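Residue numbers (our numbering): 9 to 565. C-beta: ideal position from N, C-alpha, C; glycine also. Here the structure is a predicted model, which means the values were calculated and not measured. Below is one structure; the comments refer to it alone.
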């Protein structure tokens, strides 16, 4: 099998023409419709709730199949005479051009004459996965029904035989990407489970069965109750949460591992809240923030006169957490002397205050956390090996945010609600473009950085307006979102080419830079009806930048 690279798609983009005067959009000679993904989402939701998941899936799959079959005809027409794989590539490229999904080829092995086919592709930005999660939450099974129908319809029409594609991984189930595999239907051992969705079926004959299916669907789509301070449904999050859930019913010491800002304290609090110790105290200690000479007294307590300045006896964190949970964050920063005492606490369940000879029994659940490699610290002599093995009985690794892309949207929604109440401010929400930028950001600071960015966006966004990219990031970000525009002839054209042509015409017209800037500013303000925020959006700048330019022009006159 061989991997494939797409040919240039300028031949396909040139087929798209907009005729606003007649209300028409054309793809070659086929009429197209540009509509809101939210409208398709509403239709999809209505189908599922009215007809049940099987009938909705059948309808949407058949719609996608018909669309794919039409595009196969177009591909053969436009790329007639080119190699087979270049002609076939028109299908994935059209699927992207039509705004459904980003298709990345993995493997393609095909022979039209022999009728053999095997294809594997990755999908990103699936609109079906996005709208399903928005309406119903994360699903247990793949949900890109229209798109899988498109892949099957396109390939079947191209090959002249039924090629069945299956979605073996889906972003709606918590994966970062969707993955599809296609081969002739008779090569799938479970084909009988999938082919009915491509067949016509009488809805009326199924109405009695659908009632039960709808009830089952509603029960399936109910989200599992999680502690309110933990949000996520991605595969990595669910694995960590399942480990915490299992540990909650026991008394095992838990070691939380992960990068800074991934939410280790939130997992520790969730573990406490789910355990039988929930009625007891939860005491959190940041070991890295305590001076080394005070760590032992802070953890284990001190008796009056134990050292200079100890004017009264004082209980330590272990005693204050009696009957509850003690969370030691950054446990790798503990000095060796404190590590030895901590080991005794774990082994014997008892402590001694500094300056006291009396042993005190304690009943505390210990949860430790670190973002450093404890094994490396042991080898370097900075961490006791016996304490490491005692803490590492039940490790739980919390994935970084960049591996939890599916969790970003529900996190953002929860943060917006919280910051809206905190700052007493209402906004319309976050734009699709801004949300996509958040998904594409690498998040070196993890959830803590996401919280800071969302709070910044909440503060900078005008009342009752939408959070945009410019409100989120202090520095310009490159998210690889190259734009294409409609040129004078109605074709999609590269923005760089259009800008170059525009610059040539401006220079030829003899328009000065200052005159051009003033005319552009006034035109944007006029087009937006005097709304400066709207004018700033038209000019792709921030409102403060627009105010500065307008005031500079006024002062110059």
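In the DSSP assignment, no residue is bridged to residue 73. Under the three-pair Cβ rule at 8 Å, the stretch 256-265 does not count as touching the stretch 303-311. For the pair residue 20 and residue 101, the CB atoms are nearer than the 7 Å cut-off. Relative to the Cα of residue 339, the nearest Cα in the group 375, 550, 132 and 554 belongs to 375.
One thing to note: residue 95 has its Cβ no nearer than 7 Å to the Cβ of residue 77. Spatial neighbours of residue 431 in its own chain (CB-CB distance under 7 Å, excluding positions within 5 residues in sequence) are listed in chain order as 466 and 467. Look at residue 153 here: in three-state DSSP terms it is helix. Excluding five sequence positions before and after residue 427, the CB atoms of its chain that fall closer than 6 Å to its own CB belong to 463 and 466, given in chain order. A buried status is given to residue 252, since no fewer than 16 other beta-carbon atoms sit within 10 Å of its beta-carbon. In the assembly as shown, residue 151 is a buried residue. Its beta-carbon has 16 or more other beta-carbons within 10 Å.
Ranking 372, 415, 453 and 474 by CA distance to the CA of residue 447 puts 415 first. Remark: fewer than three beta-carbon pairs, one from each stretch, lie closer than 8 Å, so the stretch 114-134 and the stretch 53-72 are not flagged as touching.
With fewer than 16 other CB atoms across the displayed protein chains lying within 10 angstroms of its CB, residue 524 is exposed.
Per the C-alpha coordinates, the member of 37, 24, 31 and 185 positioned closest to residue 105 is 24. Taken atom to atom, the span from the alpha-carbon of residue 355 to that of residue 184 is near 42 Å. Under the 8 Å Cβ criterion, the stretch 469-481 does not count as touching the stretch 283-291, having fewer than three qualifying pairs. Per DSSP, residue 192 lies in no alpha helix (DSSP H); the unbroken beta strand (DSSP E) holding it starts and ends at 186-192.
Under the three-state reduction of DSSP, residue 433 is assigned to coil, being neither helix nor strand.
Residue 449 sits in coil when the DSSP states are folded into three classes, being neither helix nor strand. The C-alpha of residue 531 lies about 39 Å from the C-alpha of residue 137. Three or more Cβ pairs closer than 8 Å define a contact, and the stretch 196-205 falls short of that threshold against the stretch 120-140. When DSSP states are grouped into helix, strand and coil, residue 56 belongs to the helix group.
Spatial neighbours of residue 15 in its own chain (CB-CB distance under 7 Å, excluding positions within 5 residues in sequence) are listed in chain order as 94 and 97. With a beta-carbon spacing of about 12 Å, residue 140 and residue 241 fall beyond the 8 Å limit used to define contacts. Ranked by Cα distance from residue 284, the first of 469, 333, 353 and 36 is 333.
Remark: C-beta atoms of residue 293 and residue 361 do not approach each other more closely than 7 Å.
Residue 360 is bridged by DSSP to 367.
The C-beta separation of residue 267 from residue 450 comes to about 12 Å, leaving the pair out of contact by the 8 Å criterion.
The residues 309 and 310, in chain order, have a CB closer than 7 Å to that of residue 322 in the same chain once the five nearest residues on each side in sequence are set aside. The three-state reading of DSSP puts residue 396 in helix, counting H, G and I together. Closest by C-alpha distance to residue 435, out of 92, 423 and 445, is 423.
With respect to the 7 Å criterion, residue 278 and residue 182 are not classified as neighbours on the basis of their beta carbons.
Within the same chain, Cβ atoms closer than 8 Å to the Cβ of residue 86 are found at 19, 20, 23, 36 and 98, the five residues on either side in sequence being excluded. A straight line joining the alpha-carbon of residue 372 with that of residue 550 spans about 53 Å.
Using a 10 angstroms sphere on the CB of residue 160, the tally of other CB atoms reaches 16 or more, which defines it as buried.
Between the C-alpha atoms of residue 397 and residue 456 there is a straight-line separation of about 30 Å.
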